[in-house]
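Input: a single structure, listed below in structure tokens.
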Amino acid sequence: MEKSLYDEVLQEIFQKLPSSCSSSVSLVSKRWLRLFRSSRASLSLRLSPHPSLLPSLSTFLSHHPFLSSLSLSLSLSPIPSSHLLSLISSCPNLLSLTLSPAPLSLSSLLSLSSALPRLTSLSITLPRPISLTWLLSFPCLKQLTLSFSSHQAHVTPEESQHFYAESQLGLALETLSLVGLCGDDWGLGWLYKRCTSLKKLSLHSCQGIGASYSSFVKCLQGLHSIELRTCRTVVYAILLELREHSSSLNSLLVHDGGSREGLLQFFSQSRSTLHKLDLRLPLDLNNDHLLAMALYLRGLSVLRLQSCCLVSGEGLKALAVSFGGLEELALVNCDVVEREPGLLATLGQHLRKLRKLDLSHNEMLLDKEFVSMLFSCVCLVDLRVRGCKELTTVAVASMLRSCKSLENVDIMQCLGIGSEAVELFVKNASRLRRVEVEGSKLSDAAKMWASSKFVQVVV
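Under this note's numbering, read the sequence shown as residues 355 to 813, first letter to last.
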């Protein structure tokens, strides 16, 4: 049977197999191993090689001729330019490349641009001081992630100008992520001024923005999405600049460090029409913010709140009344869900158009409260209650009875939901496509039903 299948047919089959099957497929025969490798478009490797082993790695990569995405985690620091080229030359069709954590030198980056001129996504670590003119050698680059290595000598704003004065060319970047900027880093102004097509900006663990704010605002005008993670020292200033200079923003994420006053001013004065808001601010979000959101953010369709310790049912009810058309709601690890009986029932009555609901990690959430919300939320297609330890078979029965359109369900770490309830759910949920649950709760019958209905089970 195996010999009767053409190579192209086997490759199509291999491309559709889950990653968990890869080790089994590669052991069948040399032919299957060769075809499996040639069918791979994406590869992620975490290695701690000695420089002498890099030729072997290059040979291994040469067996994957159609790789378009490669992620390499190498402990060499820094990666010699000659070694980098020997690796990359084995993958001429790469469009996406991630190299970490070793910083790349300027010569390595220029060599990389010559070897992979069609690269559209790049994630690398850079040394300090920051110099970015090498980006002009990557004309097709759309996505860029830059992390920064340990401290070295910094340059002042005045000293950094000579790096960039020679070129006024723009960049085609649409997504930019910056990780680990320090307060005294400079050199990003050149980049901000040339990112006129930027749609998404992400800052992670940044104490500064790497430039003056007059340069920073150049990339905000057409911005659609911004993410600020663990950036407390710059959140206030960035929110004020967004309020003034960004009218196209539709998605805002602020995690682990915010500004109470900055958020209030942004919600009440922004010229943007936000559609998605994702906040994890246990010490910075309160009812004043929720009331401002209810009053000014009428276009919101996705709201995600995590660890919102300082809000009450009053603020959430005000949101529900204003956002009757909300399609996605997440209240993750929010003790107000457990603290105020009847809150979920009220939210459900106002949010009847919800398609996605995430109540994960509310450990004391009871069946009664959960069921009272599901009674009204009959349009749900995605439901997540991971870590809700008090939910039982009663909750599963309610999911089947009220939410007949469910496609994706996460009931991982729900101690009160046993194998019988899981089997009942997999068997009777007519539109189920994916379920996340512990393997120990999957009976043979549940596995059979999942297989016959083409339900993906994630354990």
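Just so you know, even glycine gets a beta-carbon here, dropped at the ideal spot from N, CA and C.
Closest option to residue 711, judged by alpha-carbon separation, among 642, 794, 693 and 732: 732.
Straight-line measurement puts the Cα of residue 570 at about 14 Å from the Cα of residue 531. Shortest Cα-Cα distance from residue 495 to any of 399, 549, 696 and 784 involves 549. Between residue 716 and residue 754, the C-beta gap is not smaller than 8 Å, which leaves the two residues out of contact. Counting only runs of 3 or more residues that sit fully inside the segment 657 to 713, the beta strand (DSSP E) segments are 682 to 686 and 710 to 712, in chain order.
The shortest CA-to-CA distance from residue 394 to any of 422, 805 and 400 is the one to 422. By the C-beta density criterion, residue 808 is exposed, having fewer than 16 other C-beta atoms within 10 angstroms. Selection 643, 741 and 561 evaluated against residue 686 yields 741 as nearest (Cα-Cα). Close CB contacts of residue 552 within its chain, under the 7 Å cut and outside five residues either way in sequence, are with 527, 528, 530, 573, 576 and 577 (chain order).
Assigned with DSSP and collapsed to three states, residue 775 falls in helix. Note: residue 632 is bridge-paired with 607 and 658 in the DSSP secondary-structure output. In the structure shown, the three-state DSSP call for residue 597 is helix.
A residue is called buried once 16 or more other Cβ atoms fall within 10 Å of its Cβ, and residue 524, having fewer, is exposed. About 7 Å separates the CB atoms of residue 695 and residue 723; that is less than 8 Å, so the two are in contact.
In its chain, beyond the 5 residues on either side, 716, 718 and 719 have a beta carbon closer than 7 Å to the beta carbon of residue 692.
Contact between residue 676 and residue 702 is ruled out by a C-beta separation of about 16 Å, above the 8 Å threshold.
For the pair residue 739 and residue 498, the Cα-to-Cα distance works out to about 34 Å. Per DSSP, residue 748 is not a residue of any beta strand (DSSP E); the alpha helix (DSSP H) it occupies stretches across 747 to 756. Residue environment for residue 396: exposed (fewer than 16 other C-beta atoms within 10 angstroms of its C-beta).
A distance of 8 Å or more separates the beta carbons of residue 597 and residue 632. Residue environment: residue 812 is assigned as exposed (fewer than 16 neighbouring CB atoms within 10 Å of its CB, all protein chains considered). In summary, residue 482 is buried, with 16 or more beta-carbon neighbours lying within 10 Å of its beta-carbon over all protein chains present. Under DSSP, the beta-bridge partners assigned to residue 497 are 475 and 529. Per DSSP, residue 722 is one residue of the alpha helix (DSSP H) stretching across 721 to 728. Collapsing the DSSP output to three states places residue 642 in a helix. DSSP places residue 737 in the uninterrupted beta strand (DSSP E) bounded by 736 to 738. By the beta-carbon neighbour count (other beta carbons within 10 angstroms, threshold 16), residue 624 is buried. With a cutoff of 8 Å on beta-carbon distance, residue 458 and residue 479 are scored as near each other. Looking from the CA of residue 561, the closest CA among 681, 547 and 539 belongs to 539. The C-beta separation of residue 466 from residue 438 comes to about 7 Å, placing the pair in contact by the 8 Å criterion.
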